[in-house]
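Okay, so the sequence shown: first residue is 143 according to this note's numbering, each after it adds one.
Just so you know, even glycine gets a beta-carbon here, dropped at the ideal spot from N, CA and C.
What you are looking at is a predicted structure, and each value in this text was computed from that prediction instead of being measured.
What follows is a single structure, written as structure tokens, with notes after it.
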Amino acid sequence: MRRVLALSVVAAVLLLAVGAGGGAAVETAPASTGSAAIHAGAPTSATPAECDAGDGPELVGCWNGTHYEDAVAFDQADGLTQAELAALTDLTMAQVEHIRQRPFRRDVPVETVARSDFMNDSADGGFGGSDPEFQRWNDQVWKALFVVGEAENTSDAIGGVYGSAVSGFYSPAQDRIVLVIPADEDPQIAPSTLAHELIHAMQDQYHDLSRPRYAGETQDGDLAINGIVEGEAVHVEERYAARCADNWTCPDPPESGGGGGSGADYNFGILQTILQPYGDGALYVRELVAADGWRAVNETMNDPPGSTAEVIHRDPDYETRDIEFEDTATGGWETYPDQGVEGADTAGEASMFVMFWYQSYEYGYSIFDPSASVRENVQVHTQTDERLETRFTYNYEHPATAGWADDELYPYRNGDRDGYVWATEWQTTADATEFREAYLRMLTAHGGDEFTAGEVYEIPDGDFRGAYAVERTGTRVTITHAPAPDGVRDLRPNADLAVPTTSDGDEAADTDGDEADGTDTDDPDIDSGDDGGDDAGPDAGTGDGTPGFGVTAALVALLAVVALGARRVRP
């Protein structure tokens with residue numbers, strides 16, 4: 143049983159396109175970046191004269207007689223017939239082959255489904271897992287991240303993100319793409335969404351996405367793997383959009399943005415966590431391709447990233463540090479040994495960043511920088527020098543979380559009481575101090591009182607009410623939560639809550655606990671911008687869904703354009 147962003151339907155690739163006016167804007171990329179650089183040994187795409195109706199996997203850039211430079215003889219203003227959808231699929235497969243410099247091995251069926259039917263099927267499947275023990279365990283993971291509150295159910299919150307916003311998915315289990323369209327409308331699709339999902343079909347044909355290596359054991363592991371799986375799909379989608387804007391004739395996207403829900407009440411903390419692999423992953427893949435062509439991507443698919451920190455910092459050699467955690471709980475508190483990794487989840491750098499950012503977005507607290515306005519704290523997430531051709535990217539890097547080395551989050555239960563112990567490890571004592579201070583700002587913002595060193599802190603009411611202890615010893619910061627102080631002391635009977643008075647080397651020492659409470663009176667609404675071993679070679683492999691997100695009015699105020707996703711489902 144897995145934790146985290148699990149769905150119990152098919153594995154899903156999410157593709158959210160949000161823009162002012164309801165559609166994703168596409169910038170024309172310079173001609174030099176319109177497609178990936180051709181590296182030595184890459185296959186050459188077929189010429190139109192070489193493209194015959196019987197050709198499929200034998201040629202690159204040609205599928206079922208359709209050449210990548212062809213154009214369909216119809217538009218989709220009045221909807222697509224099955225024959226037209228098949229023709230568009232053949233053309234897009236040829237175009238994806240040309241960009242990716244690799245042939246498909248077999249046809250990929252593409253179907254459409256009404257959103258109402260998709261949401262009903264999704265609800266029946268149980269977003270986030272259906273096992274009660276898993277649900278209770280996973281609730282504590284998201285509550286520890288200050289994203290899902292006491293009165294909110296994590297499964298329902300994840301389902302709200304996926305069910306209302308998915309615009310398409312690829313299912314490795316069924317070898318098919320399903321595109322979600324609005325009910326009672328003629329079928330129209332976003333061509334870039336189709337290109338995105340076709341890359342997942344190609345990945346499955348070469349690498350088999352159902353293999354254990356593509357399902358992380360922890361939240362951070364799953365998001366990290368998504369960094370290469372979704373990053374490649376977004377990178378190819380970007381090249382596709384650039385070519386369509388430059389010299390290909392491609393169908394116009396539907397005005398509705400391709401079937402995404404509108405006005406959905408998302409949990410934006412979950413949403414922004416899901417987003418991370420799409421922006422950072424695409425930049426990660428872009429650098430791989432620039433350095434060593436598609437071979438580097440193939441090799442990384444065979445050995446996916448191990449942490450979101452690796453993808454955020456685009457450092458395949460990013461060093462982590464194992465945590466040795468000793469369960470010392472007394473008084474009847476027990477972990478969940480059958481959930482996660484021996485009872486623990488790993489949140490990781492991306493989720494920790496979202497934790498702090500979400501307090502500004504949702505609650506109006508300045509956490510990253512208490513001297514700045516709420517608006518400025520929210521904009522930390524949206525202001526980045528790194529750009530993609532077709533969308534803005536989100537930033538997931540901040541000193542409060544950038545020194546992440548590892549973490550283990552252990553949910554506990556004691557009768558009807560819930561709690562957790564969260565051990566986090568940092569690269570330096572300065573990094574640990576930075577994280578601790580930001581965390582204390584978050585606590586005191588919700589609790590309303592100053593933090594006193596050496597004592598258990600209590601939040602009397604609200605979404606994250608209860609008692610908290612925060613310890614720092616060198617590069618380790620440990621957080622303990624229970625409904626009341628006695629529970630905290632039972633969970634960590636030997637906790638040393640005193641603040642270290644000296645630092646290691648020349649790194650900054652902790653403060654004396656007089657952190658600002660992080661409150662701010664500005665309006666928080668924003669109106670500005672173990673499997674069977676390695677494959678025998680980088681292209682080896684064989685051949686459960688991957689969805690896409692549609693337009694949401696709330697995100698339009700956050701960014702002008704964005705694309706996102708999340709994949710895979712496991713009960």
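Problem - Backbone secondary structure at Asp-394 - three-state DSSP - result: coil
Practice task
Consider the C-beta atom of Gln-414 and the heavy atoms of the ligand PLP; say whether any pair is separated by less than 7 Å.
Solution key: With respect to small molecules bound, the structure shown includes none, and the ligand PLP cannot be examined in it.
Practice task
Output the boundary residues of the beta strand (DSSP E) element that contains Glu-537.
Solution key: Correcting the residue identity first, residue 537 is Asn in this sequence and not Glu. Asn-537 -> no beta strand (DSSP E), and no H or E assigned at all.
Problem - Burial state of Glu-461, where buried means 16 or more other Cβ atoms lie within 10 Å - result: exposed
Problem - Rounded C-alpha distance that separates Thr-296 from Leu-201 - result: Computed Cα separation, rounded: 47 Å.
Handout entry: Residues that Ala-609 bridges to, as DSSP identifies them
Key = Glu-600 and Ala-624
Exercise for the section: Would you tell me roughly how many angstroms separate the C-alpha atoms of Asp-603 and His-588, rounded to the nearest one? Expected result: Going by the C-alpha atoms only, they are around 9 Å apart.
Practice task
Quick one: give me the first and last residue of the alpha helix (DSSP H) that Asp-434 is part of.
Solution key: Judged by DSSP secondary structure, Asp-434 falls within the alpha helix (DSSP H) whose first and last residues are 410-444.
Problem - Cβ-based burial, Asn-389 [other Cβ within 10 Å; buried from 16] - result: exposed
Exercise for the section: Run the CB neighbour count on Asp-362, radius 10 Å, all protein chains shown included, and call it buried at 16 or more, exposed below. Expected result: buried
Practice task
Could you tell me whether the Cβ atoms of Asp-426 and Gly-373 are closer together than 8 Å?
Solution key: It should be pointed out that residue 426 corresponds to Tyr in this sequence rather than to Asp. Taking 8 Å as the Cβ cut-off, Tyr-426 and Gly-373 qualify as a contacting pair.
Exercise for the section: Check the DSSP bridge columns for Trp-279 and list the partner residues they point to. Expected result: Answer is none; Trp-279 lacks a bridge partner.
Handout entry: Unbroken stretches of the beta strand (DSSP E), 3 residues or longer, contained in the segment 553-605
Key = Runs of the beta strand (DSSP E) spanning 3 or more residues and lying entirely within the segment 553-605 occur at 559-568 and 599-601, in chain order.
Handout entry: Where Gly-557 falls, given that 16 or more other Cβ within 10 Å makes a residue buried
Key = exposed
Exercise for the section: Please name the residue in Glu-476, Phe-498, Val-255 and Phe-410 whose C-alpha comes closest to that of Asp-560. Expected result: Glu-476
Practice task
With a 10 Å radius around its C-beta and 16 neighbouring C-beta atoms as the bar for buried, classify Ser-309 as buried or exposed.
Solution key: buried
Handout entry: Close beta carbons around Leu-585, own chain, < 8 Å, minus the five adjacent residues each side
Key = Phe-593, Tyr-599, Ile-601, Tyr-610 and Val-612
Exercise for the section: Scan the segment 198-240 and note each continuous beta strand (DSSP E) run of 3 residues or more that stays entirely inside, going in chain order. Expected result: none
Practice task
Check the DSSP bridge columns for Arg-257 and list the partner residues they point to.
Solution key: DSSP output for Arg-257 lists no bridge partner at all.
Practice task
Check Trp-284 in the structure and name its three-state DSSP category.
Solution key: helix
Practice task
Go ahead and pull the three-state DSSP assignment for Thr-615.
Solution key: strand
Exercise for the section: Compute the Euclidean distance between the alpha carbons of Thr-332 and Pro-625, then round it to the nearest angstrom. Expected result: It is worth fixing the name first, because residue 332 is Ala in this sequence and not Thr. Straight-line spacing of the CA atoms in Ala-332 and Pro-625 works out to 48 Å.
Exercise for the section: Quick one: grab the DSSP three-state call for Ala-366. Expected result: helix
Exercise for the section: Compute the beta-carbon to beta-carbon distance between Gln-237 and Tyr-382, rounded to the nearest angstrom, for a pair I have assumed lies under 8 Å. Expected result: 6 Å
Exercise for the section: Can you tell me the Cβ-Cβ gap for Pro-396 and Leu-230, rounded? I've got them flagged as a contact below 8 Å. Expected result: Going by Cβ atoms, the distance from Pro-396 to Leu-230 rounds to 13 Å, so no, they are not a contact pair.
Handout entry: Range of the contiguous alpha helix (DSSP H) that encloses Arg-517
Key = 516-521
Problem - According to DSSP, residues forming a beta bridge with Val-310 - result: Note that residue 310 is Gly in the sequence shown, not Val. For Gly-310, which the question treats as bridged, DSSP gives the partners Leu-321.
Handout entry: Contacting residues, own chain, Cβ-Cβ under 8 Å from Glu-192 (five flanking each side not counted)
Key = Leu-201 and Cys-204
Practice task
Can you give me the start and stop residues for the alpha helix (DSSP H) that Ala-451 sits inside?
Solution key: Run containing Ala-451: 450-454, per the alpha helix (DSSP H) assignment.
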